[in-house]
Amino acid sequence: AYLYRKMAAMWGTNNVDHQARICHSTTVAGVANTWGYGAMTNSYNDMHNSKAMFFIGSNAAEAHPVSMQHILRGKENGAKMIVVDPRFSRTAAHADQHVAIRPGTDVPFVYGMLWHIFENGWEDEEFIAQRVYGMDKIREEAKNWPPDVVEDVTGVPAAQVKQAAQTMAENRPGTIVWCMGGTQHTIGNNNTRLY
């Protein structure tokens, strides 16, 4: 980035942008505070061994084609793939389940999944006890998102929300992918399961 800035200065401008500012600066602020580490939390190899992959806010096929190759290897190894995206993207074309939420309703959708997870006892109690702070507040908020409310807000049929939660619960270890699909991508795999 430093050298590109120098090159741009030769042309009389300092208007140079790069991924470290548009992507990783927000990663450090958000992901580090949440997960304790401001970068990718698992390796691509973990995707190869996943039994389920959940994508939300991510279109890896277009935003990070290198990671998409590892995702496809995981799928070849038998992983179920869920893509939550208002659009039918190139990533969604590979999904076992494409969930077309209304734009901006990703948080209610996740709370809808959590409602099913808590209702059915699908959470990983040991993981929560060892590594999660404030889960009681999450459980309380999830109670506000029963299937009928989630369907009304997200436009997703209640059965689809439950299917996504159940697929993740029954196919462990799982991987959750968000953002570009490569730099901050996997949470909940192998020994680090969310539920």
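Residue numbers (our numbering): -16 to 178.
Ideal Cβ positions, reconstructed from N, Cα and C, are used throughout, including at glycine.
Which residue marks the beginning of the alpha helix (DSSP H) containing residue i, and which one marks its end?
i: T74; result: Where T74 is concerned, there is no enclosing alpha helix (DSSP H), given that its DSSP letter is neither H nor E.
i: A(-8); result: -15 to -7
i: G95; result: 89 to 103
i: V133; result: 130 to 137
i: A44; result: 43 to 46
Less than 6 angstroms between C-beta atoms, sequence neighbours within five positions excluded: which residues of the same chain meet that for residue i?
i: T179; result: Missing from the structure shown is residue 179; the chain here goes from -16 to 178 and no further.
i: L97; result: A125
i: V139; result: V82, I84
i: N(-2); result: none
Report all residues from its chain with a CB closer than 8 angstroms to the CB of residue i; omit the five preceding and five following residues, and keep chain order.
i: R73; result: N42, A44, E45
i: N173; result: The predicted position of N173 is uncertain, since its pLDDT is 32 and thus under 50; a value taken from the coordinates is nonetheless stated next. Same-chain partners within the cutoff: N25, D29, N32, P156.
Is the beta carbon of residue i less than 8 angstroms from the beta carbon of residue j?
i: M30; j: I65; result: no
i: F244; j: G157; result: Given a span of -16 to 178 for the chain in the structure shown, any question on residue 244 remains unanswerable.
i: G95; j: P130; result: yes
i: P69; j: A83; result: yes
i: A75; j: N154; result: no
What are the boundary residues of the beta strand (DSSP E) that residue i is part of?
i: T158; result: 157 to 161
i: A152; result: Taken as a continuous stretch (DSSP letters only), A152 belongs to no beta strand (DSSP E), being part of the alpha helix (DSSP H) at 141 to 153.
For residue i and residue j, which I take to be in contact (beta-carbon distance under 8 angstroms), what is that distance rounded to the nearest angstrom?
i: I39; j: V67; result: 4 angstroms
i: F101; j: R114; result: Contact flag wrong, Cβ pair sits at about 17 angstroms.
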